[in-house]
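Quick note on this note's numbering: the sequence shown kicks off at 1 and runs consecutively.
Here's the structure, in structure tokens; my notes come after.
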Amino acid sequence: MTPEEYERWMIRDRARCGRRASKSAEWSDGPICRTCYDRAMRVRGRCPCCDTDRLLPGRDTDGAPICRDCAGIVRDFFYDRCGSEGLLLGGRLCEHCTLADALARLLDDGTGRVAPELLPLVKILLEMDRPKSRLIWLRNPNVVRLLQGLATGNIALSHDRLHQEAPWRTVAHLRDLLMDSGVLPRVDRQLLLYQRWLTERLGTIEAPEHRQLLRHFATWHRTRRLRTKAEKGPLGRSQTNHTKQEVTQAGAFLAWLAGRGRAIGQCQQADIDAWHTESLATRRPSQSFLR
Numbered sequence: 001m002t003p004e005e006y007e008r009w010m011i012r013d014r015a016r017c018g019r020r021a022s023k024s025a026e027w028s029d030g031p032i033c034r035t036c037y038d039r040a041m042r043v044r045g046r047c048p049c050c051d052t053d054r055l056l057p058g059r060d061t062d063g064a065p066i067c068r069d070c071a072g073i074v075r076d077f078f079y080d081r082c083g084s085e086g087l088l089l090g091g092r093l094c095e096h097c098t099l100a101d102a103l104a105r106l107l108d109d110g111t112g113r114v115a116p117e118l119l120p121l122v123k124i125l126l127e128m129d130r131p132k133s134r135l136i137w138l139r140n141p142n143v144v145r146l147l148q149g150l151a152t153g154n155i156a157l158s159h160d161r162l163h164q165e166a167p168w169r170t171v172a173h174l175r176d177l178l179m180d181s182g183v184l185p186r187v188d189r190q191l192l193l194y195q196r197w198l199t200e201r202l203g204t205i206e207a208p209e210h211r212q213l214l215r216h217f218a219t220w221h222r223t224r225r226l227r228t229k230a231e232k233g234p235l236g237r238s239q240t241n242h243t244k245q246e247v248t249q250a251g252a253f254l255a256w257l258a259g260r261g262r263a264i265g266q267c268q269q270a271d272i273d274a275w276h277t278e279s280l281a282t283r284r285p286s287q288s289f290l291r
């Protein structure tokens, strides 16, 4: 077969969707593309032809889903390990078994077993719907690094340690899973996001003395206030956003003051007046730091 003939054979109109796409299977109703193949592997119910409750990948003459036997599909879709029927992955395993194997491999504490403290995380991940989405998530190199680090102890299993990891969105999602499974104690989500933002913000401050002042102000004044509020009820985004503005404007004031050739210990009332006069509305959040 020439390359041109092979392309005409592989790329043509598909029986179910009518699209021109590469062929993934040739079933009794015609060539099937990958999208239709994956969709067919998720159709389950009672076959109208043989009255058996099972996977229904085939189609009858009216387009109704039927089982592989009634559709004349030669290939079987039974999993080798659990014996059920569906989309076959590597080793003829189902998505659930594949996910279990992947978690066992990533969360191995070095003894050939899942780290005991992370077993609740494994349980909640296996109980979630759509295991395929979890498998895709586990392909993320950052997720792999974080899970392996937690399992081996290279990353301490604590909120404070996770604050130091990146990227923050990946860490935030993993932290939510750890809290939902009970591996980590429940902490207000907005407070966690604020603490992550604060770590990154302080990392951008070049002057050591400015960074130390801002860390002291943010930790012992603003963060402590947010924690007290979080103990009474969930924080709103507006509360943490206001605190972020306070820290941001405090840092801006220190930089502005340095530009006038003064350190914070040399600050005078005239400097504060000039700071507010230039842009009162924008710089108002710095007042808590100045007080």
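Glycine included, C-beta positions come from ideal geometry on N, C-alpha and C.
Fair warning: this is a prediction, and the values are worked out from it, not measured in the lab.
Quick one: what's residue i bridged to in DSSP?
{"i": "Asp-180", "result": "The partner list for Asp-180 (beta bridge, DSSP) is empty, contrary to what the question assumes."}
{"i": "Ile-32", "result": "Ala-25"}
{"i": "Leu-55", "result": "Arg-44"}
{"i": "Asp-108", "result": "Val-114"}
{"i": "Pro-65", "result": "Arg-59"}
Which one of the options has the shortest CA to CA distance from residue i?
{"i": "Tyr-79", "options": "Arg-68, Cys-94, Leu-177, Cys-267", "result": "Cys-94"}
{"i": "His-242", "options": "Trp-197, Arg-130, Thr-35", "result": "Trp-197"}
{"i": "Tyr-37", "options": "Arg-54, Pro-116, Leu-88, Gly-72", "result": "Leu-88"}
{"i": "Leu-56", "options": "Asp-62, Thr-35, Glu-85, Arg-81", "result": "Glu-85"}
{"i": "Arg-211", "options": "His-221, Gly-236, Thr-199", "result": "Thr-199"}
{"i": "His-52", "options": "Arg-39, Val-114, Gln-164, Ile-66", "result": "According to the sequence shown, residue 52 is Thr rather than His. Minimum Cα distance to Thr-52 is reached at Ile-66."}
{"i": "Arg-54", "options": "Thr-61, Asp-62, Arg-68", "result": "Arg-68"}
{"i": "Arg-34", "options": "Arg-44, Arg-201, Gly-265, Cys-17", "result": "Cys-17"}
{"i": "Leu-150", "options": "Ala-166, Lys-244, Leu-107, Thr-219", "result": "Leu-107"}
{"i": "Ala-274", "options": "Phe-253, Ala-166, Lys-229", "result": "Phe-253"}
{"i": "Ser-279", "options": "Gln-268, Trp-256, Ala-156", "result": "Trp-256"}
{"i": "Thr-295", "options": "His-159, Leu-125, Arg-145, Pro-234", "result": "Here the chain has residues from 1 to 291 only, and residue 295 is not among them."}
{"i": "Glu-127", "options": "Ser-181, Thr-111, Asp-109", "result": "Ser-181"}
{"i": "Ile-264", "options": "Arg-44, Gly-45, Glu-209, Leu-118", "result": "Glu-209"}
{"i": "Ala-207", "options": "Arg-46, Asp-60, Ala-115, Ala-258", "result": "Ala-258"}
{"i": "Leu-157", "options": "Asp-129, Pro-116, Asn-140", "result": "Pro-116"}
{"i": "Gln-269", "options": "Lys-229, Gln-287, Ser-238", "result": "Gln-287"}
Going along the chain, which residues of its own chain have a beta-carbon closer than 8 Å to the beta-carbon of residue i, five neighbours each way excluded?
{"i": "Val-143", "result": "Trp-137, Thr-170, Leu-174"}
{"i": "Ala-102", "result": "Leu-135, Leu-138"}
{"i": "Gly-236", "result": "Gln-190"}
{"i": "Ile-155", "result": "Leu-146, Gly-149, Arg-161, Leu-162, Glu-165"}
{"i": "Lys-123", "result": "Ser-181"}
{"i": "Val-43", "result": "Leu-55, Leu-56, Pro-57, Pro-65"}
{"i": "Lys-229", "result": "Leu-235, Gln-239"}
{"i": "Thr-282", "result": "Gln-249"}
Tell me, to the nearest whole angstrom, how far the beta carbon of residue i is from that of residue j; I am working on the premise that it is less than 8 Å.
{"i": "Ile-32", "j": "Ser-22", "result": "Incorrect: roughly 10 Å between the Cβ atoms, too far for contact."}
{"i": "Gly-58", "j": "Cys-70", "result": "6 Å"}
{"i": "Phe-289", "j": "Glu-246", "result": "7 Å"}
{"i": "Val-183", "j": "Pro-120", "result": "5 Å"}
{"i": "Leu-193", "j": "Leu-202", "result": "Actually they are not in contact, since the Cβ atoms of Leu-193 and Leu-202 sit about 15 Å apart, beyond 8 Å."}
{"i": "Gln-195", "j": "Thr-152", "result": "Actually they are not in contact, since the Cβ atoms of Gln-195 and Thr-152 sit about 25 Å apart, beyond 8 Å."}
{"i": "Leu-147", "j": "Glu-165", "result": "In fact, because the Cβ distance is near 12 Å, the residues do not count as touching under 8 Å."}
{"i": "Ile-205", "j": "Gly-251", "result": "6 Å"}
Short of 7 Å in beta carbon distance, which residues of its chain neighbour residue i, apart from the five on each side in sequence? Order them along the chain.
{"i": "Ala-64", "result": "Pro-48"}
{"i": "Ala-15", "result": "Asp-29, Gly-30, Pro-31, Ile-32"}
{"i": "Leu-162", "result": "Val-171, Arg-175"}
{"i": "Ile-272", "result": "Leu-290"}
{"i": "Leu-178", "result": "Leu-121, Leu-184"}
{"i": "Trp-27", "result": "Gly-58, Ala-71, Ile-73"}
{"i": "Arg-81", "result": "Leu-93, Cys-97"}
{"i": "Arg-225", "result": "none"}
{"i": "Ala-100", "result": "Leu-126"}
{"i": "Gly-110", "result": "Thr-152"}
Tell me which same chain residues have a C-beta within less than 6 Å of the C-beta of residue i, skipping the five on either side of it?
{"i": "His-96", "result": "Pro-131"}
{"i": "Pro-285", "result": "Gln-245, Glu-246, Gln-249"}
{"i": "Gly-308", "result": "Because residue 308 is not part of the residues shown, which for the chain are 1 to 291, the question remains open."}
{"i": "Thr-240", "result": "Gln-190, Tyr-194"}
{"i": "Ala-40", "result": "Pro-57"}
{"i": "Trp-168", "result": "Arg-196"}
{"i": "Asp-76", "result": "none"}
{"i": "Asp-60", "result": "Ile-66"}
Segments of 4+ residues assigned as alpha helix (DSSP H) that fall wholly inside the stretch 111-162: 119-127, 131-137, 141-152, 159-162
Runs of alpha helix (DSSP H) lying entirely within the stretch 186-229, each at least 4 residues, in chain order: As far as the stretch 186-229 is concerned, its whole alpha helix (DSSP H) runs of at least 4 residues are 189-203, 208-217.
Length-filtered (4 minimum) alpha helix (DSSP H) runs lying within the stretch 67-96: 68-71
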